[in-house]
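A.B. asks: Provided herewith is a single structure, encoded as C-alpha cells, for subsequent inquiry.
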Amino acid sequence: MAASRGCPFRCNWCSKPIWGNHYRQRGAREVAAEMTYLKRAFAPDHIWFADDIFGFHVDWVTEFAECLREENGSVPFMIQTRADLCSERMTAALALAGCAEAWIGAESGSQPVLDRMNKGTTVADLIVARERLGKHGIRVGFFIQLGYLGERLEDLLATRELITLARPDDIGVSVAYPLPGTRFYEEVKAQLGRKTHWRDSGDLAMMFRGVYDSEFYRRARDLLHEQVTLQQSSGEDRAMAALDEKWNALIAGERSHRNIDATAHDEMLAEPLHAAFAAGH
5 MAASRGCPFR CNWCSKPIWG NHYRQRGARE VAAEMTYLKR AFAPDHIWFA DDIFGFHVDW
65 VTEFAECLRE ENGSVPFMIQ TRADLCSERM TAALALAGCA EAWIGAESGS QPVLDRMNKG
125 TTVADLIVAR ERLGKHGIRV GFFIQLGYLG ERLEDLLATR ELITLARPDD IGVSVAYPLP
185 GTRFYEEVKA QLGRKTHWRD SGDLAMMFRG VYDSEFYRRA RDLLHEQVTL QQSSGEDRAM
245 AALDEKWNAL IAGERSHRNI DATAHDEMLA EPLHAAFAAG H
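So the sequence shown is residues 5 to 285, counted in this note's numbering.
This is the structure:
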C-alpha cells in the first residue's frame, strides 16, 4: 500500500529530488478503508507501506488508527520512517494502528557523517526512537549506509557502536550510491566514468573512490549483520569475543584496503585508533 508520495526532507544522497520535494498524503480514513477491504477480501498476514515516510503527522496516524479500530480493519503492517518523527505520541499511535515493524534510515552512527549527508537527525534521535518503538512492541530495522563521502575508520566504528547501543532487531546495509539528480551525484560524478546507474554496481561495489575498497565494506557489512544476530539471540560470551577478534582483524588490516588517493589527513586521523587497539583497548 501507499498512503503518501514524496518526502519534504533534503538528504544529499536520496532519490527524492527525482520525484520532487513535495509531500502528498491521502486521507487517513481512505487509507484505513483500503486496508479494511484488503483484510476482508484477501486476509493478508501483513502489509508493507511503500511510503518514503509513513504518517509524518501524528494526528493523521491517530485518525488512521481510530478508523481501523472502528471497522476492525487492522492488518499488521511495516513502514519506513525517520527517527526524529518517532515521538511518544507517534509511536503510541503507530502501535494502536497495528504497526508491527518500522524501518528507520539511520545511515550512520557518526554525527559528522550524518551532517555531511544533510540528514537532519542525530545519533541520539536514533537511540531514542528505537527505545520508544520497542517499548510499544514494534520491531525496528535500521538502514545503514557505508562509504559516504569523508567516512573514515572512526566513523564506521561509530556505526558499530550505534548498533551495540540501540540493538535494532534487523539492519539493511548498503554502500553509498550516487543517484543522478542528487547533490551527492554531482559531488562524485567526475569519478564515475561509464558507471552512471546503480545497476552498474555489484554486491556492495563502490561506484566512486571512497576511502576504502569494496571488499572492506563487504567485510564490515558481514560483521554488522553478525553483531545484530548475536545481540538478538543473546549470543554467548565466546561468540561475542570471536566477533570482537574479527573486528580487530579488520581494523588491523584496514590500510591494505585504502584507496591510493586516500588523503594523509585521513591516515593521520586513523592513527590514534591503531594505537588504541595495539595497546589492547
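Glycine residues also receive a C-beta, built at the ideal position from the N, C-alpha and C atoms.
Since the model is a prediction, treat every value here as computed from it, not as a measurement.
From this set, Met82, Ile175, Arg262 and Ala256, which residue's C-alpha is nearest Gly154's C-alpha?
C.D. replies: Taking the sequence shown and counting its residues from 1, the one referred to as residue 154 is at position 150. Of the listed residues, the one whose Cα sits closest to Gly154 is Arg262.
A.B. asks: Measuring CA to CA, which of Arg134, Ser19, Tyr27 and Cys18 is closest to Gly10?
C.D. replies: The sequence position of residue 10 within the sequence shown is 6, counting from 1. When each option's Cα is compared against that of Gly10, the closest is Tyr27.
A.B. asks: Is the segment 148-166 close to the segment 103-113, with three or more CB pairs under 8 Å?
C.D. replies: Counting Cβ pairs under 8 Å, three or more are found: they touch.
A.B. asks: Does Tyr221 come out as helix, strand or coil in the three-state DSSP assignment?
C.D. replies: Residue 221 sits at position 217 when you count from the first residue of the sequence shown. It is helical.
A.B. asks: So what does Val177 bridge to, in DSSP terms?
C.D. replies: Position 173 of the sequence shown, counted from the first residue, corresponds to residue 177. DSSP, once it has assigned bridges, lists Ile148 as partnering Val177.
A.B. asks: Am I right that Val79 and Lys43 are in contact with their C-beta atoms under 8 Å? What's the rounded C-beta distance?
C.D. replies: Against the sequence shown, residue 79 aligns to sequence position 75. Against the sequence shown, residue 43 aligns to sequence position 39. About 5 Å separates the two Cβ atoms, so the contact holds.
A.B. asks: In whole angstroms, what separates the C-alpha of Phe58 from that of Thr85?
C.D. replies: Indexing the sequence shown from 1 puts residue 58 at position 54. Indexing the sequence shown from 1 puts residue 85 at position 81. So the alpha carbons of these two residues sit roughly 6 Å apart.
A.B. asks: For the candidate residues Glu249, Gly141, Arg33 and Asp174, whose alpha-carbon lies nearest to that of Glu75?
C.D. replies: As a first step, residue 75 must be located in the sequence shown, where it is residue number 71. Nearest option by C-alpha distance: Arg33.
A.B. asks: Using only alpha-carbon positions, find the residue among Gln195, Asp119, Leu228 and Pro12 that is nearest to Leu254.
C.D. replies: On the sequence shown, residue 254 is found 250 positions in, with the first residue counted as 1. Answer by Cα proximity: Leu228.
A.B. asks: I'd like the list of long-range same chain contacts for Asp119, defined as Cβ closer than 6 Å, with 5 residues on each side in sequence excluded.
C.D. replies: On the sequence shown, position 115 is the one that residue 119 refers to. For Asp119, where only same-chain residues beyond five positions count, there are no Cβ hits under 6 Å.
A.B. asks: Report the residue from Arg222, Phe53 and Leu137 whose alpha carbon sits nearest the alpha carbon of Leu100.
C.D. replies: Position 96 of the sequence shown holds residue 100. Residue Leu137 is the option with its Cα nearest to Leu100.
A.B. asks: Output yes or no for whether 8 Å exceeds the beta carbon distance between Gly151 and Gly214.
C.D. replies: In the sequence shown, residue 151 corresponds to position 147, counting from 1. In the sequence shown, residue 214 corresponds to position 210, counting from 1. Yes, the Cβ-Cβ distance between Gly151 and Gly214 is below 8 Å.
A.B. asks: By a C-beta neighbour count over all protein chains shown, 10 Å radius and 16 as the cutoff for buried, is Tyr189 buried or exposed?
C.D. replies: Indexing the sequence shown from 1 puts residue 189 at position 185. Buried.
A.B. asks: Is it right to say Pro182 is buried, meaning 16 or more other beta carbons lie within 10 angstroms of its own, or is it exposed?
C.D. replies: Position 178 of the sequence shown, counted from the first residue, corresponds to residue 182. Buried, by the Cβ-count rule.
A.B. asks: For a quick check, are the C-beta atoms of Thr186 and Ser19 less than 8 Å apart?
C.D. replies: Mapped onto the sequence shown, residue 186 falls at position 182. Mapped onto the sequence shown, residue 19 falls at position 15. Against a cut-off of 8 Å, the Cβ pair of Ser19 and Thr186 comes out as a contact.
A.B. asks: Which residues in the same chain have their Cβ closer than 7 Å to the Cβ of Ala2, if we skip the five residues on either side of it in sequence?
C.D. replies: Past the edges of the chain, shown from 5 to 285, lies residue 2, and the structure says nothing about it.
A.B. asks: So what does Gln3 bridge to, in DSSP terms?
C.D. replies: The chain is shown only over 5 to 285; residue 3 falls outside these bounds and no answer can be derived.
A.B. asks: Check the DSSP bridge columns for Gln29 and list the partner residues they point to.
C.D. replies: Locating residue 29 in the sequence shown gives position 25, counting from the first residue. Per DSSP, Ser8.
A.B. asks: Identify, in the order they occur along the chain, each residue of the same chain with its Cβ nearer than 7 Å to the Cβ of Cys15, setting aside the five sequence neighbours on each side.
C.D. replies: For the purposes of this step, residue 15 is identified with residue 11 of the sequence shown, where counting begins at 1. Once the five neighbours on either side are set aside, the close Cβ partners of Cys15 are Met121, Asn122 and Lys123.
A.B. asks: Taking the alpha-carbon positions, what's the Leu273 to Asn25 distance?
C.D. replies: Looking up residue 273 in the sequence shown gives position 269. Looking up residue 25 in the sequence shown gives position 21. Because the pLDDT of Leu273 is 40, which lies under 50, any placement of that residue in the model is unreliable, and the question is left without a value.
A.B. asks: Determine the direct distance from the alpha carbon of Gly145 to that of Val232, and round the result to whole angstroms.
C.D. replies: Taking the sequence shown and counting its residues from 1, the one referred to as residue 232 is at position 228. Taking the sequence shown and counting its residues from 1, the one referred to as residue 145 is at position 141. Cα-Cα distance, rounded: 10 Å.
A.B. asks: Using only alpha-carbon positions, find the residue among Cys71, Glu38, Glu191 and Leu98 that is nearest to Val62.
C.D. replies: Locating residue 62 in the sequence shown gives position 58, counting from the first residue. The shortest C-alpha separation from Val62 is found at Leu98.
A.B. asks: Among Glu230, Asp217, Ala246 and Glu240, which one has its Cα closest to the Cα of Gly257?
C.D. replies: Position 253 of the sequence shown, counted from the start, is the residue given in the question as residue 257. When only C-alpha atoms are compared, the closest one is Asp217.
A.B. asks: Between which two residues does the alpha helix (DSSP H) containing Arg171 stretch?
C.D. replies: Residue numbering aside, residue 171 sits at position 167 when the sequence shown is read from its first letter. Neither: Arg171 is in no alpha helix (DSSP H) and is coded neither H nor E.
A.B. asks: Quick one: what does DSSP say Ile51 is sitting in, helix, strand or coil?
C.D. replies: Locating residue 51 in the sequence shown gives position 47, counting from the first residue. Residue state, collapsed to three classes: strand.
A.B. asks: Going by beta-carbon coordinates alone, are Ala209 and Trp17 separated by less than 8 Å?
C.D. replies: For the purposes of this step, residue 209 is taken as residue 205 along the sequence shown, with counting starting at 1. For the purposes of this step, residue 17 is taken as residue 13 along the sequence shown, with counting starting at 1. Their beta carbons are not under 8 Å apart, which means Ala209 does not touch Trp17 by this criterion.
A.B. asks: Identify, in the order they occur along the chain, each residue of the same chain with its Cβ nearer than 6 Å to the Cβ of Pro12, setting aside the five sequence neighbours on each side.
C.D. replies: Position 8 of the sequence shown, counted from the start, is the residue given in the question as residue 12. Cβ neighbours of Pro12 beyond the five flanking positions: Tyr27.
A.B. asks: Is Arg73 helix, strand or coil when you go by DSSP?
C.D. replies: Counting from one through the sequence shown, the residue named residue 73 turns up at place 69. The answer is helix: DSSP assigns Arg73 an H, G or I state.
A.B. asks: Terminal residues of the continuous alpha helix (DSSP H) containing Val79?
C.D. replies: Walking along the sequence shown from the start, residue 79 turns up at place 75. No alpha helix (DSSP H) contains Val79, which DSSP labels as neither H nor E.
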